[in-house]
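Student: Sequences listed follow chains A and B, in order.
Under the working numbering, the first residue of the first sequence carries the number 1, and numbering increases by one thereafter.
Under the working numbering, the first residue of the second sequence carries the number 1, and numbering increases by one thereafter.
Protein chains: 2
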Amino acid sequence: MPSSDIIVIGAGAIGAAVAWRCAQRGRSVTVVDPEPTRGAWRTAAGMLAPATELHYTEKPLLRLGLESLRRWPAFAAELTKESGADVGYRECGTVLAAWDSADLATLRDLHAFAASLDVESSLLTGRELRQLEPALAAGLPGGFHAPGDHQVDPRRVHEALMTACRRRGVRFVESAGALLIDRDQVRGVRVDGGVVLTSARVVVAAGAWSGRVDGVPDAMRAPVRPIKGQTLRMHLTGRTRLTRVVRGSVQGSPVYVVPRGDGSLVVGASSDEAGFDVQPRAGAVYELLRDAQALLPELSEAILDEVSTGLRPGSPDNAPIIGPADVEGLVYATGHFRNGILLTPVTADAVATLLADLTLDDVVRPFLPQRLGAAS
Amino acid sequence: MPSSDIIVIGAGAIGAAVAWRCAQRGRSVTVVDPEPTRGAWRTAAGMLAPATELHYTEKPLLRLGLESLRRWPAFAAELTKESGADVGYRECGTVLAAWDSADLATLRDLHAFAASLDVESSLLTGRELRQLEPALAAGLPGGFHAPGDHQVDPRRVHEALMTACRRRGVRFVESAGALLIDRDQVRGVRVDGGVVLTSARVVVAAGAWSGRVDGVPDAMRAPVRPIKGQTLRMHLTGRTRLTRVVRGSVQGSPVYVVPRGDGSLVVGASSDEAGFDVQPRAGAVYELLRDAQALLPELSEAILDEVSTGLRPGSPDNAPIIGPADVEGLVYATGHFRNGILLTPVTADAVATLLADLTLDDVVRPFLPQRLGAAS
């Protein structure tokens, strides 16, 4: 029976990062995933945007996001060093464009809230907005500039994590995994063909599938549901003038455009509750194109390269589920919803520290599975 | 030197149909195409719609279209018999939906024009329109029903033609082809590697590329230019209620939706003059989705399966170029613009008859290359 110090169920961004961090500490790690090329990271735009994702009711989540953002430069540099691959980390800043005067009022409130949390931001007049990003539509009434909200390329991050893991000796098993528990202690994972991989520590980082891992007692299942998101990838035949991430809400419909270093653009993101279906919905593609073109008219001439659909792991309070469940050896790292890429460094660090030292980083303490009355 | 009675340059719908018809008459035929899986047929929706494509200035083209439509049932049946494949020929009829009262007036004129040509059609009130096709948006003011405008599936047609050709002994050479002329007589085609295929008869049926065949004297080139078109393929998770082809013009922007027998839907078609570029333009996808949803609201829930881009062969007067050029042995069958699939039977028959009997079908006589002051 092959044995590892740690088994991670799920080879997405979170699972691979947890595996990498644990392997760096000298642990033997096996990652089990039936389809490691699938994952929300394929669809994600990679905005590292805690300020422009601010919601007033979610201060602990904002703190977690800001802490993870702070760790991204070193995380990216270390990952590049170990994998040899650039991960598209760009300190580009983010602009929120107001569509109408109601949006302007919201942005003023956001600015005051950001200031109260020492998050750098500034309000922009319509003129300042277009000076900053001349590709924006004429006549937008103003905006909000978050110079600290950046981006990374999730596909590059994932590929680099897989490479870094392999170089650190992490084993990957392409299979579904069923948790084995005996006398209230995790014993390992059963994979296809009935093979049992033994381990006293199993991390469930299976994204939208985290609530469906076989062998987990019902009372302990992660309350995670799939929330379908679609993004578009496009490029202009000339070069886009866009340098920052642009976000906006066109007549109440949110949209963002992320300009990559290679000149490509990622437009997102729809949000549908449609179970595990990942087929692209025509209406969502339509709305993304409509709203992105409303903010950036030059996009009507863009080449549409790809429609991508993924499943975000949503939790009941839209916050992640990080930490030990109430069976010895089972740890969750899931439920990251829209923030999986942003929260990858802080989640991986916290889980690796937990597994090594049995201590939980204060910043992730509000996100224990027990808060949801499940997983316990 | 391999020799054939006839060489066809271009393995698209027209080229393959010409080859098949010639092979049926016992001729040895070689088809030369660098990429036989490419062609406007891949993108085409396959509307057999001479009535709803009526333009008052194009009576000879309308006659050609009606004659080809008349031949489609037998053509499809024979093709199915020889290939063993269903080609998706459906006698479904077509509905033109008016968007506003200006459209209604246009449809009344169209109805009168159709009647003057003995083409069956009827005008519909808004209520009759929705009774006929309940999936249409509420509130459309009226429509036009052309019960004789049908559809075929161009991808199935092309596959069946390739099979039927092979069964008749047609040879396919995957290569570009350069025309060889000596003393005002076609001698054959030079293909990759310098190999010469000899033949005294060469048919140029290379679609949008027909004006670029090497070896054709400049004065004799087909005046054909590429006109980029995009279509979308989608399906509903339930079954669409749509039974007929629906066409409309949403605030001046034309759109059609073709319901296939397998429940899939083809939405088209954009029109861009963009050279030989076949990358999908985001703005065209947006407009097709917008206008198709405006006519058929259920499409917002459809799954988007494919964005397809092709190049129509446009001619100076939007009519095809069919018949002998002024060098012995060179024949054109190109320039079919939006009507390539509809006109496939009549074009293939006319060219095969011309090559066999040296007589030209009266119905194609208005479309000789010489009318354009080129190809001569």
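No residue lacks a Cβ here, since even glycine has one placed at the ideal position from N, Cα and C.
What's the gap between the Cα of residue 158 of chain B and the Cα of residue 323 of chain B?
Tutor: Residue 158 of chain B and residue 323 of chain B: Cα-Cα distance of roughly 22 angstroms.
Student: Let me confirm a value: residue 185 of chain A is counted as buried when at least 16 other C-beta atoms fall within 10 Å, else exposed. Which label applies?
Tutor: Residue 185 of chain A should be labelled exposed.
Student: My output table needs one value for residue 42 of chain A: the three-state DSSP class, helix, strand or coil.
Tutor: Helix, per DSSP.
Student: Residues of chain B with CB closer than 8 angstroms to the CB of residue 234 of chain A, please, in chain order.
Tutor: Chain B residues near residue 234 of chain A: 282.
Student: To the nearest angstrom, report how far apart residue 22 of chain A and residue 330 of chain A are at their CA atoms.
Tutor: Whole-angstrom Cα-Cα distance: 15 angstroms.
Student: Between B/335, B/166 and B/353, which has its C-alpha nearest residue 16 of chain B's C-alpha?
Tutor: Measuring from the Cα of residue 16 of chain B, the nearest candidate turns out to be B/166.
Student: State the Cα-Cα distance for the pair residue 117 of chain B and residue 72 of chain B, rounded to the nearest angstrom.
Tutor: The straight-line gap from Cα to Cα measures roughly 20 angstroms.
Student: Less than 7 angstroms separating the beta-carbons of residue 327 of chain A and residue 350 of chain A?
Tutor: No, Cβ-Cβ distance for residue 327 of chain A and residue 350 of chain A is not below 7 angstroms.
Student: For residue 79 of chain B, report the span of its alpha helix (DSSP H) as first-last.
Tutor: Residues 59–83.
Student: Under 7 angstroms, CB to CB, which of the residues in the stretch 275–302 of chain B have a partner in chain A?
Tutor: Going along the stretch 275–302 of chain B in chain order, one finds 279, 280, 281, 282, 283, 285, 286, 289, 290, 293, 299, 300, 301 and 302 with a Cβ nearer than 7 angstroms to chain A.
Student: Would the beta-carbon of residue 51 of chain B fall within 7 angstroms of that of residue 146 of chain B?
Tutor: Closer than 7 angstroms, so yes.
Student: Would you verify that the beta carbon of residue 415 of chain A is, or is not, closer than 7 angstroms to some beta carbon of chain B?
Tutor: Outside the displayed range of chain A (1 to 376) lies residue 415 of chain A, so it cannot be described from this structure.
Student: My assumption, with CB atoms under 8 angstroms, is that residue 332 of chain B sits in contact with residue 202 of chain B. Please give the rounded CB distance.
Tutor: About 10 angstroms separates the two Cβ atoms, so there is no contact after all.
Student: Report the residue from A/2, A/122, A/77 and A/213 whose alpha carbon sits nearest the alpha carbon of residue 172 of chain A.
Tutor: The shortest Cα separation from residue 172 of chain A among A/2, A/122, A/77 and A/213 belongs to A/2.
Student: Out of A/93, A/120 and A/144, which one is the CA nearest neighbour of residue 127 of chain A?
Tutor: Nearest option by C-alpha distance: A/144.
Student: Go through the stretch 301–344 of chain B residue by residue and report every complete run of the beta strand (DSSP E) that reaches 3 residues or more, in order.
Tutor: Taking only runs of at least 3 residues, the beta strand (DSSP E) segments lying wholly in the stretch 301–344 of chain B are 303–314, 321–324 and 330–334.
Student: By how many angstroms is the C-alpha of residue 285 of chain A removed from the C-alpha of residue 231 of chain A?
Tutor: Roughly 8 angstroms between the two C-alpha positions.
Student: Confirm, please, whether the CB-CB distance from residue 258 of chain A to residue 45 of chain A is below 7 angstroms.
Tutor: The answer is yes: Cβ separation under 7 angstroms.
Student: Pairs of beta-carbons, one from the stretch 288–299 of chain B and one from the stretch 304–317 of chain A, closer than 8 angstroms: are there three or more?
Tutor: No contact exists between the stretch 288–299 of chain B and the stretch 304–317 of chain A.
Student: Quick test of your reading: residue 156 of chain B and residue 85 of chain B, contact by CB under 8 angstroms. State the CB separation rounded to the nearest angstrom.
Tutor: Indeed, because the Cβ distance is near 6 angstroms, the residues count as touching under 8 angstroms.
Student: How would you write the range of the beta strand (DSSP E) that residue 258 of chain B sits in, first residue to last?
Tutor: Looking at the DSSP string, the run of the beta strand (DSSP E) that includes residue 258 of chain B is 253–259.
Student: Kindly say whether residue 304 of chain A, judged by its beta-carbon, lies nearer than 7 angstroms to any beta-carbon of chain B.
Tutor: Yes, contact with chain B.
Student: Please report how far the alpha carbon of residue 129 of chain B lies from the alpha carbon of residue 295 of chain B, in whole angstroms.
Tutor: Cα to Cα, residue 129 of chain B sits roughly 12 angstroms from residue 295 of chain B.
Student: Sort A/362, A/137 and A/11 by Cα distance to residue 290 of chain A and report the nearest one.
Tutor: The option with the nearest alpha carbon to residue 290 of chain A is A/137.
Student: Go through its chain and collect everything with a Cβ distance to residue 20 of chain B's Cβ below 6 angstroms, but skip five positions before and after it.
Tutor: If we look at residue 20 of chain B and ignore the five residues flanking it on each side, its Cβ neighbours are 161, 164 and 165.
Student: Decide yes or no for the touch test of the stretch 248–263 of chain A against the stretch 272–285 of chain A: beta carbon pairs closer than 8 angstroms, at least 3 of them.
Tutor: Too few Cβ pairs lie closer than 8 angstroms, so no.
Student: Looking at the unbroken beta strand (DSSP E) that takes in residue 245 of chain B, where does it start and where does it end?
Tutor: Segment 245–250, the beta strand (DSSP E) holding residue 245 of chain B.
Student: So which residues on chain A does residue 266 of chain B lean against when the C-beta distance must stay under 9 angstroms?
Tutor: Those do not exist, as residue 266 of chain B stays about 13 angstroms from chain A at its closest Cβ, beyond 9 angstroms.
Student: Helix, strand or coil, according to DSSP, for residue 362 of chain A in the structure here?
Tutor: In this structure, residue 362 of chain A counts as helix in the three-state DSSP scheme.
Student: Can you tell which of A/282, A/54, A/37 and A/337 has its C-alpha closest to the C-alpha of residue 94 of chain A?
Tutor: The residue with the shortest Cα to Cα distance from residue 94 of chain A is A/54.
Student: Could you run through the stretch 307–333 of chain B and flag, in chain order, every residue whose CB is less than 9 angstroms away from some CB of chain A?
Tutor: Residues 307.
Student: Measuring CB to CB, does residue 154 of chain B end up less than 7 angstroms from residue 224 of chain B?
Tutor: No. Outside cutoff.
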